[in-house]
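Position one of the sequence shown corresponds to residue 74 (the working numbering), numbered consecutively onward.
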Amino acid sequence: MGERPDTGIEETANKRRFACMSSAHHAEREEGIMMKRNRIRLISFLILVLIAVFAFLSIQTIVFGDVLSEKAKISSDGETVQQGIIILVEFPDAKHDVDRDFVQNRFSKHLGSYVKEMSYNKVSLGVEVTKRWYTMPKSVGQYRISSRNLEVDKSRVRKLIDDALDAADKEVDFSKYSFAAIFLSAKVADYGMVGLCGYPGMLGWGATDVLKTKSGQLVKGGIAIFSFQAHLGTLFHDIAHILGGVKGGKRMVPCLYDHDLQARPGPMRETFVDSTINMGFWDPMSCHFYKREIPPPGISSWTKMRLDWIDRSKIKVIKPGREVEVILGPLEDGSSEILAIKIPISETTYYLIENRQPVGFDRNLPGSGILVMYADDNIPECRHGKAPVKLMNADRSVPHLEGAAFDIGGKDSFHDNKNKIRIQLKEKIAGSYKILISSL
C-alpha cells in the first residue's frame, strides 16, 4: 500500500491558500473602497468647480453689465438703444412756461422717431428727462455766448455745463447714460445760440477731454446744449456729433457748413444759410432744416455711413475703369437693394451717389433726384473752403445747392475729366434709377 499523505503539510498549504485568498479579497475590497472614495472626491471637486464657475460668471455679468451701461444698450431684437439724460435748466432772471412733458415728447417721440428712420431701425433713443428744473447760480446773461462758432467764449460754455452737471449731481446717476443734453428755458435771443455740442465740439474732442461732476461722476459720450426753441433738425445735428463719436482724433460726424462763412457778420439765419456751401439743404448736418415750419430732411448717405447706419451690403463699390449698371433705390427706403454707390479714387477720396426721393423725412428736401458727392476722409472739418464731403452741383443757377440733384429730363450725367469717370442716369423706374458708371 502506498504511504498516507502528511495531513499536517496539506492543512498548512490550505491555510496558506486561504490566507492568500483572504488577502486578495481584502485587497480587492480596499481597492473598491478607494475607488469609491476617489469618485466621491472627484464629484465633490467637480461640484466645487461648477460653483466657482457660476460665481465667476455671476461676477462677470455684473462687471460686463457695468461696462454695457457705459455705452449703448443692445435690445433683444439687436437694436442699439442710446441712453440719454436731458437736464432741465432755468435761470433766476428768466421766467418761462416750458413744460417737462414738452421736452420729453421732443426727445423721445420726435427725435427718437427721426433717429429710428434714419438708421433703418438699427438705433433708437432711450431718453429720460430730469424730474425738475435746476436753477443756475448766475443770470442767463452771464452764460450768454456768440451765435458765431469761432467767436464763442468757451469758458462760458464750460461754466454752464459744470453748473448744470453739479446741480443734477445728487439726483442723476450718469453711469446709466451714453450722452447728456442741457435743455435751457432761455430763448435764443437771451442765450445767444439755439444749440451747440459742448463735447465733442466747442470744448474740443481730444482723448484727454473728460467731463465730471463735482462728486466725480463721469459724463460719458458727450454733452449738448439747446434752447427750448431748437428745431428738431438742430436737436439731431448736435446729438449726432455725440453719437458719431471721435476716431483718430477726428469727429466722425462734423458740421457740414463752413465755419469761417458762418462767423461772418450779418443776420443770423441769412449768414448761416450762406455758409451751407458743401451740402446745402440736403443734410441737417449742413442746414439743420430747410424751412423752420417743417421737419428736417433726411441725412445723406455720407452721414449715415459715418454713423454706421447703412449695411455694407447695400453700398455698391465700383472701381474706376469698370462699366457697371446699377439700380439705385431711394435712400430713405431701407428695403432698397442698393442704397448708395461708392467710386473709390484713392485710399481716402471717393464719390458717393445717392437717390433722394420724397419719401419719409426726405419730403422736406428742396428737390429730388440723384446726388453726387465728392468725399475726402483726410479733411476733418469744414474750414477754409475745404470739407470732408461736397455736393457736385447739377444746376449752378439755383442758389444754395437747391438745384444740385441730377435727374432724367434735366441734367442727367456727371463727368470727372481728371479721373475719367462718367456717371449717367439711364432710366427712372418708379422711385429708383438705372445708373451707368463708366470711363470717359
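Even glycine gets a Cβ: it sits at the ideal position worked out from N, Cα and C.
Residue i bridges to which residues according to DSSP?
| i | result |
| --- | --- |
| Asn428 | Ile443 |
| Ile400 | Lys507 |
| His187 | According to the sequence provided, residue 187 is Tyr. The question's His does not apply to it. Looking at the DSSP assignment, Tyr187 forms no beta bridge with any residue, so it has no partner. |
| Ser300 | Leu257 |
| Ile414 | Lys389, Ile426 |
| Phe252 | Gly157 |
| Ser512 | Ile494 |
| Ile502 | Ser505 |
| Arg395 | DSSP lists no partner for Arg395. |
| Ala284 | In the sequence under discussion, the amino acid at residue 284 is Leu, which differs from the Ala named in the question. Paired residues: Val292. |
| Arg456 | Lys459 |
Identify the continuous beta strand (DSSP E) that holds residue i and give its terminal residues.
| i | result |
| --- | --- |
| Cys270 | 268-272 |
| Phe487 | 486-489 |
| Phe354 | Counting along the chain, Phe354 falls outside any beta strand (DSSP E), and DSSP gives it neither H nor E. |
Tell me the residue span of the alpha helix (DSSP H) that contains residue i.
| i | result |
| --- | --- |
| His314 | 305-317 |
| Ile234 | 227-241 |
| Val346 | 341-347 |
| Val213 | Taken as a continuous stretch (DSSP letters only), Val213 belongs to no alpha helix (DSSP H), as it is neither H nor E. |
| Trp375 | 374-379 |
| Phe175 | 173-177 |
Under three-state DSSP, which class holds residue i?
| i | result |
| --- | --- |
| His332 | helix |
| Ser220 | coil |
| Arg495 | strand |
| Gly277 | strand |
| Tyr193 | coil |
| Phe164 | strand |
| Asp449 | strand |
| Leu141 | With a pLDDT of only 30 at Leu141, under the threshold of 50, the placement of this residue in the model should not be trusted; the figure read from the coordinates follows. The answer is helix: DSSP assigns Leu141 an H, G or I state. |
| Gly289 | coil |
| Val462 | strand |
| Gly199 | strand |
| Ser131 | With a pLDDT of 35 at Ser131, under the threshold of 50, the modelled position of that residue is not reliable, and the figure given next carries that caveat. Looking at Ser131 - three-state DSSP - the assignment turns out to be helix. |
| Met436 | A quick correction: the sequence has Arg, not Met, at residue 436. Correct three-state label for Arg436: helix. |
| Lys323 | strand |
| Phe180 | helix |
| Phe479 | strand |
| Asp384 | coil |
| Pro368 | coil |
| Phe247 | helix |
| Asp406 | coil |
| Pro338 | coil |
| Asp468 | coil |
| His169 | coil |
| His361 | coil |
| Ser96 | Here the model assigns Ser96 a pLDDT of 46, short of 50, so the residue's position is not dependable and the matter cannot be decided. |
For the putative contact between residue i and residue j, defined by C-beta atoms under 8 Å, what is the C-beta separation to the nearest angstrom?
| i | j | result |
| --- | --- | --- |
| Leu316 | Ser374 | Incorrect: roughly 17 Å between the Cβ atoms, too far for contact. |
| Val267 | Gln302 | 6 Å |
| Ala254 | Ile372 | Wrong, their Cβ atoms sit about 19 Å apart, outside the cutoff. |
| Ile508 | Leu401 | 5 Å |
| Leu513 | Lys493 | 4 Å |
| Ala448 | Thr422 | 7 Å |
| Met358 | Ala313 | 6 Å |
| Ser577 | Lys189 | Absent from the model: residue 577. The displayed extent of the chain is 74 to 513, so no value can be given. |
| Gln290 | Phe252 | That belief does not hold up - the Cβ atoms of Gln290 and Phe252 are roughly 14 Å apart, past 8 Å. |
| Leu305 | Pro210 | That belief does not hold up - the Cβ atoms of Leu305 and Pro210 are roughly 31 Å apart, past 8 Å. |
| Tyr264 | Cys455 | At roughly 24 Å, the Cβ-Cβ gap does not stay under 8 Å, so Tyr264 and Cys455 are not in contact. |
Determine contact between the segment 316-336 and the segment 410-430, defined as no fewer than three beta-carbon pairs at a distance below 8 Å.
no
Within the chosen definition, does the segment 290-298 reach the segment 166-173 through at least 3 CB pairs nearer than 8 Å?
Two segments are said to touch when three or more pairs of C-beta atoms, one from each, lie closer than 8 Å; by this definition the segment 290-298 does not touch the segment 166-173.
Should the segment 455-466 be called in touch with the segment 337-346, which here means at least 3 C-beta pairs below 8 Å?
The segment 455-466 is not in contact with the segment 337-346.
Using 8 Å as the cut-off, can you tell me whether the segment 498-511 makes contact with the segment 431-446, which would need three or more C-beta pairs spanning the two stretches below that distance?
yes
I want to know whether the segment 210-217 touches the segment 229-249 - three or more CB-CB distances under 8 Å.
Because the criterion of three Cβ pairs below 8 Å is met, the segment 210-217 and the segment 229-249 touch.
The segment 402-410 / the segment 220-233 touching (three or more Cβ pairs under 8 Å)
Contact fails: fewer than three Cβ-Cβ distances are below 8 Å.
Mind the definition here: the segment 195-208 touches the segment 151-166 only if three or more C-beta pairs lie below 8 Å; say whether that holds.
yes
Hey, is the segment 441-461 in contact with the segment 478-491, meaning 3+ C-beta pairs nearer than 8 Å?
yes
Between the segment 351-367 and the segment 391-398, do at least 3 Cβ pairs fall closer than 8 Å?
Taking a cut-off of 8 Å on C-beta distances, the segment 351-367 does not touch the segment 391-398, as fewer than three cross pairs fall below it.
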